[in-house]
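Right, one structure below, let's go through it.
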Amino acid sequence: MTARDWLLADSPTSRWQANAGRAYRVFTALLRNPLSVVGGIIILTLLLTAAFAPWIAPYSPTGQNLGARLLPPSGEHWMGTDELGRDIFSRVIWGSQITLTIVLLVALISAPLGLLIGAISGYFGGWVDRVLMGFTDIFLSLPKLILALAFVAALGPGINNAIIAIAITSWPAYARIARAETLTIRNAEYISAVQLAGGGPIRIIVQHILPLCTSSMIVRVTLDMAGVILTAAGLGFIGLGAQPPLPEWGAMISRGRTFILDQWWVATMPGIAIIVVSLGFCFLGDGLRDVLDPKNEGKS
Amino acid sequence: MAIDQQSAPPPLAPGFPSRRMQRVAVDLGSFIVTLCLTFLGLMAITFFIGRVIPIDPVLSVVGDRATQAQYDAAKIAMGLDQPLWQQFISYVGNVLTGDLGRSISTGRPVAEDLARFFPATFEMATLGIIIGVALGVPLGVTAAARQGSWLDQAIRVVGLLGYSVPAFWLGLVGLAIFYARLQWVGGPGRLDIFYDGLVEPVTGMILIDALIRGETDIFWNAVSHIILPASVLGFFSLAYIARMTRSFMLDQLSQEFVTTARVKGVPERIVIWRHAFNPIRVPLITVIGLSYAGLLEGSVMIETVFSWPGLGSYLTTALLNADMNAVLGATLVIGAVFIVINKVSDVLYRVLDPRAR
Numbered sequence: 288m289t290a291r292d293w294l295l296a297d298s299p300t301s302r303w304q305a306n307a308g309r310a311y312r313v314f315t316a317l318l319r320n321p322l323s324v325v326g327g328i329i330i331l332t333l334l335l336t337a338a339f340a341p342w343i344a345p346y347s348p349t350g351q352n353l354g355a356r357l358l359p360p361s362g363e364h365w366m367g368t369d370e371l372g373r374d375i376f377s378r379v380i381w382g383s384q385i386t387l388t389i390v391l392l393v394a395l396i397s398a399p400l401g402l403l404i405g406a407i408s409g410y411f412g413g414w415v416d417r418v419l420m421g422f423t424d425i426f427l428s429l430p431k432l433i434l435a436l437a438f439v440a441a442l443g444p445g446i447n448n449a450i451i452a453i454a455i456t457s458w459p460a461y462a463r464i465a466r467a468e469t470l471t472i473r474n475a476e477y478i479s480a481v482q483l484a485g486g487g488p489i490r491i492i493v494q495h496i497l498p499l500c501t502s503s504m505i506v507r508v509t510l511d512m513a514g515v516i517l518t519a520a521g522l523g524f525i526g527l528g529a530q531p532p533l534p535e536w537g538a539m540i541s542r543g544r545t546f547i548l549d550q551w552w553v554a555t556m557p558g559i560a561i562i563v564v565s566l567g568f569c570f571l572g573d574g575l576r577d578v579l580d581p582k583n584e585g586k587s
Numbered sequence: 002m003a004i005d006q007q008s009a010p011p012p013l014a015p016g017f018p019s020r021r022m023q024r025v026a027v028d029l030g031s032f033i034v035t036l037c038l039t040f041l042g043l044m045a046i047t048f049f050i051g052r053v054i055p056i057d058p059v060l061s062v063v064g065d066r067a068t069q070a071q072y073d074a075a076k077i078a079m080g081l082d083q084p085l086w087q088q089f090i091s092y093v094g095n096v097l098t099g100d101l102g103r104s105i106s107t108g109r110p111v112a113e114d115l116a117r118f119f120p121a122t123f124e125m126a127t128l129g130i131i132i133g134v135a136l137g138v139p140l141g142v143t144a145a146a147r148q149g150s151w152l153d154q155a156i157r158v159v160g161l162l163g164y165s166v167p168a169f170w171l172g173l174v175g176l177a178i179f180y181a182r183l184q185w186v187g188g189p190g191r192l193d194i195f196y197d198g199l200v201e202p203v204t205g206m207i208l209i210d211a212l213i214r215g216e217t218d219i220f221w222n223a224v225s226h227i228i229l230p231a232s233v234l235g236f237f238s239l240a241y242i243a244r245m246t247r248s249f250m251l252d253q254l255s256q257e258f259v260t261t262a263r264v265k266g267v268p269e270r271i272v273i274w275r276h277a278f279n280p281i282r283v284p285l286i287t288v289i290g291l292s293y294a295g296l297l298e299g300s301v302m303i304e305t306v307f308s309w310p311g312l313g314s315y316l317t318t319a320l321l322n323a324d325m326n327a328v329l330g331a332t333l334v335i336g337a338v339f340i341v342i343n344k345v346s347d348v349l350y351r352v353l354d355p356r357a358r
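Here the protein sequences line up with chains A and B, keeping their order. Sequential numbering from 288 applies to the first sequence in this note's numbering. Sequential numbering from 2 applies to the second sequence in this note's numbering.
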């Protein structure tokens, strides 16, 4: 029996085999869509770049060299140098770690939070649902960026507060999805079976409802990541996100603003990095939606 | 929330001429209630940000060298000795009477500042949405009509770029190309310094003020300054509007009545623009409304890049000076405008589309 037969077995003998088989089917379906392959490669490159930044970057991200200020792109400095003579290519490479941290932390805070609120709301219904969803709707109807700005202003500038502020503004969309999913499975027979067997609400929500929300959640989170990156970069650009000398892409663009008319590369290069990574998440998210969540194809 | 109230139509109340009128009244009532609740939520959030998160709001006013007596006096003067719910009620009262506090950096009442800065944002965002609709709708329709062609692919790419290009970066690159290199447009600001302050503000929108005064020189100068930031904003609404138009049109074009029209020999142009496009005009209104609201948000970044004296610049300046009254005031106003546009386009959809009733 080859590994492929084992993965595609119609009657898996263990839970692990079933999960691996499903992951394999999703993976092969993704490979058939060229755009999601491109997206996957971009995200993989981002991961590898962040992991091996010290070995990839030719210069130090913070090492100043005032003799080599504002040099245009060349063989020696692929993306040129900034106003302190720092190599922009090296800074973009190191910046991938910051972007990845922001994206991961925002996803890890906001997705479970939204998932839990949505599932509780959908499972209990009644006034719990009305209060929680009223709250969610208010958050949803406010402009995200403005809200994030106000939160950062109160919490104080800095990358950690930027992450908290973005997470606070992103959970409501996930709560809506989780609630909708929960409503469709709440009255399913297997849920009644667990209830009859004496399973409490916590057990039902955590073990039997949340796992079924994950696939639509993964799709939505991936699609949202581009927005998270843009918001984080925007906060950095205004000066409320990552603080210098951290090589955060948005903050780098902000520094390059002064030189945009003559030394265009200082602001342009980090911007291209932002676009490529955001596009990567969009492509991958689109592909994942087609595979995992076909009923929502073409929406949003 | 609104849906719950409609699911069971209440018995016909006396005084309403028809069931339909009654339904409109119930709709309107639930609309106003939701709107008020959302505003209350917005105020609760700004209140929370302003009064609860800072470690000690009194200290930030009196400074850390104040005596205990001064501190206590300031605390009572700010009403911070009262319970939180009472503070919230007086905060809501202040906001409703237009009292948003005084800005530390300008020294004027925040409400007055916002009224002065609003027209510049409104002018730019409106021009942006006009550009977005004028280009986005035809592009979306064409893409759907020629599904799979190179034009369709190009529009898909534009749509995705709308999600992944930072607005401030596009503005900077635009300045570098069209202002510094090609010199096709004016630079940052609303006018050349030479013209600054020559037009008496009437509406606060320079394009309109210049026309009212008959100052064509100033008008064209203002056009050269606004065109780039408005186009950058317009690009983002174009991307969104074109994508949604395309997807609505594809839905319509696969309907049977379209096939019937084609079989009957109706010219393709009429099939597309009359049979398929007419039904999507109503949902498009909602999309355009959402996009317009989004532009208000996008203008925060764009105004910073273009030194545009609007709400966005006011907000970012206030943010960097930790001028919380101004930050929260601007957040309230931008949030309120955002909510109103969103809800109104939602209601328009339900009023105009017979199927949504």
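C-beta: ideal position from N, C-alpha, C; glycine also.
Worksheet item: Per DSSP, residue 360/A forms a beta bridge with which residues?
Response: Answer by DSSP bridge pairing: none, since residue 360/A is not bridged.
Worksheet item: Of the residues 146/B, 106/B, 182/B, which one's Cα is nearest the Cα of residue 252/B?
Response: With distances taken between Cα atoms, residue 252/B lies closest to 146/B.
Worksheet item: Got a sec: which bits of the segment 518 to 544 of chain A sit with their beta carbon under 9 Å from any beta carbon on chain B, in order along the chain?
Response: Residues 520, 521, 524, 525, 526, 527, 536, 537, 540, 541, 543, 544.
Discussion item. Does chain B have any CB closer than 8 Å to the CB of residue 585/A?
Written reply: Note on residue 585/A: pLDDT 45, under 50, position unreliable in the model; no value is reported.
Worksheet item: Thinking C-beta only, is residue 186/B closer than 8 Å to residue 225/B?
Response: Yes, they are a contact pair.
Worksheet item: Closer than 8 Å, CB to CB, is residue 92/B near chain A or not?
Response: So no, residue 92/B is outside the interface.
Worksheet item: Between which two residues does the alpha helix (DSSP H) containing residue 179/B stretch?
Response: Counting along the chain, residue 179/B falls outside any alpha helix (DSSP H), and DSSP gives it neither H nor E.
Worksheet entry | The alpha helix (DSSP H) enclosing residue 405/A, as first and last residue numbers | Boundaries of the alpha helix (DSSP H) harbouring residue 405/A: 375 to 411, taken from the DSSP string.
Worksheet item: What's the call for residue 269/B, buried or exposed, on a 16-neighbour Cβ count within 10 Å?
Response: Under this definition residue 269/B is an exposed residue.
Worksheet item: On the three-state DSSP scale, how would you describe residue 255/B?
Response: For residue 255/B, the three-state secondary structure derived from DSSP is coil.
Item to complete: Starting from the C-beta of residue 2/B, find all residues in its chain whose C-beta is less than 7 Å away, skip the five residues before and the five after it, and write them out in chain order.
Response: Legend: pLDDT at residue 2/B = 39, less than 50; position of this residue unreliable, value from coordinates given subsequently. Cβ neighbours of residue 2/B within its own chain (closer than 7 Å, five residues either side excluded): 35.
Worksheet item: Listed in chain order, which residues of the segment 435 to 459 of chain A have Cβ atoms closer than 7 Å to some Cβ of chain B?
Response: Those would be 436, 437, 438, 440, 441, 442, in chain order.
Worksheet item: What residues from chain B crowd round residue 551/A, counting only those whose CB sits closer than 7 Å?
Response: What residue 551/A touches in chain B: 177.
Worksheet entry | Reference residue 301/B, options 234/B, 47/B, 241/B, 70/B, closest by Cα | Checking every option, the nearest Cα to that of residue 301/B belongs to 234/B.
Practice prompt. Just confirm the distance between the C-beta atoms of residue 354/A and residue 373/A, as a whole number of angstroms; I'd bet it's less than 8 Å.
Written response: Not a contact, Cβ separation roughly 12 Å.
Worksheet item: Can you round the beta-carbon distance between residue 292/B and residue 189/B to whole angstroms, since I take them to be within the 8 Å contact cut?
Response: About 25 Å separates the two Cβ atoms, so there is no contact after all.
Practice prompt. On a CA-only basis, which of 568/A, 465/A, 337/A, 421/A is nearest residue 41/B? Give me that one, please.
Written response: The candidate whose alpha carbon is nearest that of residue 41/B is 421/A.
Item to complete: Determine the DSSP secondary structure at residue 386/B, reduced to helix, strand or coil.
Response: Residue 386/B lies beyond the range of chain B shown here (2 to 358); nothing can be said about it.
Item to complete: Give a yes or no on whether the minimum CB-CB distance between residue 428/A and chain B is below 8 Å.
Response: Look at residue 428/A: its C-beta is under 8 Å from a C-beta on chain B.
Discussion item. Can you find the residues in the same chain that come closer than 8 Å, C-beta to C-beta, to residue 240/A, ignoring five residues on each side of it along the sequence?
Written reply: There is no way to answer for residue 240/A, as the model of chain A reaches only from 288 to 587.
Worksheet item: Per DSSP, residue 368/A is paired with what?
Response: Note: residue 368/A sits in a beta bridge opposite 374/A.
Worksheet entry | Own chain residues within Cβ distance below 6 Å of residue 48/B, not counting five before or after | Exclusion of the five residues before and after residue 48/B leaves 89, 92 as the residues of its chain whose Cβ lies within less than 6 Å of its Cβ.
Worksheet item: Taking the continuous alpha helix (DSSP H) assigned at residue 210/B, which residues delimit it?
Response: Where residue 210/B is concerned, the enclosing alpha helix (DSSP H) starts and stops at 207 to 214.
Worksheet item: Listing by chain order, which chain A residues have their CB less than 9 Å from the CB of residue 320/B?
Response: For residue 320/B, the chain A residues whose C-beta falls within less than 9 Å of its own C-beta are 436, 437, 439, 440, 444, 525, 526, 527, listed in chain order.
Worksheet item: According to DSSP, is residue 24/B helix, strand or coil?
Response: In the structure shown, residue 24/B adopts helical secondary structure according to DSSP, grouped into three states.
Worksheet entry | residue 401/A beta carbon less than 8 Å from that of residue 458/A | In contact: residue 458/A and residue 401/A (Cβ atoms closer than 8 Å).
Worksheet item: At a cut of 8 Å, does the segment 533 to 546 of chain A reach the segment 375 to 383 of chain A through at least three beta carbon pairs?
Response: With the cut-off at 8 Å, the segment 533 to 546 of chain A and the segment 375 to 383 of chain A touch.
Item to complete: Determine the DSSP secondary structure at residue 103/B, reduced to helix, strand or coil.
Response: Note: residue 103/B maps to strand in three-state DSSP.
Worksheet item: Where do the N-terminal and C-terminal ends of the alpha helix (DSSP H) with residue 551/A fall, by residue?
Response: First-last for residue 551/A: undefined, no H or E at that position.
Worksheet item: Do you know how far the Cα of residue 176/B is from the Cα of residue 94/B?
Response: Near 44 Å, if we compare the C-alpha coordinates of residue 176/B and residue 94/B.
Practice prompt. Give a yes or no on whether 8 Å exceeds the smallest Cβ distance from residue 404/A to chain B.
Written response: No, residue 404/A lies away from the interface with chain B (no Cβ there is under 8 Å from its Cβ).
Worksheet item: So with Cβ pairs under 8 Å, would you call residue 565/A a contact of chain B?
Response: So, interface residue.
Fill in: Own chain partners of residue 320/B with C-beta closer than 7 Å, once the 5 adjacent residues on each side are dropped
For residue 320/B, where only same-chain residues beyond five positions count, the Cβ hits under 7 Å are 328.
Practice prompt. Closer than 8 Å by C-beta to residue 318/A: which residues in its own chain qualify, once you throw out the five before and the five after it? Chain order, please.
Written response: 324.
Worksheet item: When the cut-off is 8 Å and only beta carbons count, does residue 350/B lie next to chain A?
Response: It does not: the Cβ of residue 350/B has no partner Cβ on chain A nearer than 8 Å.
Worksheet item: In chain A, what lies closer than 9 Å to residue 339/B by C-beta?
Response: What residue 339/B touches in chain A: 428, 429, 430, 433.
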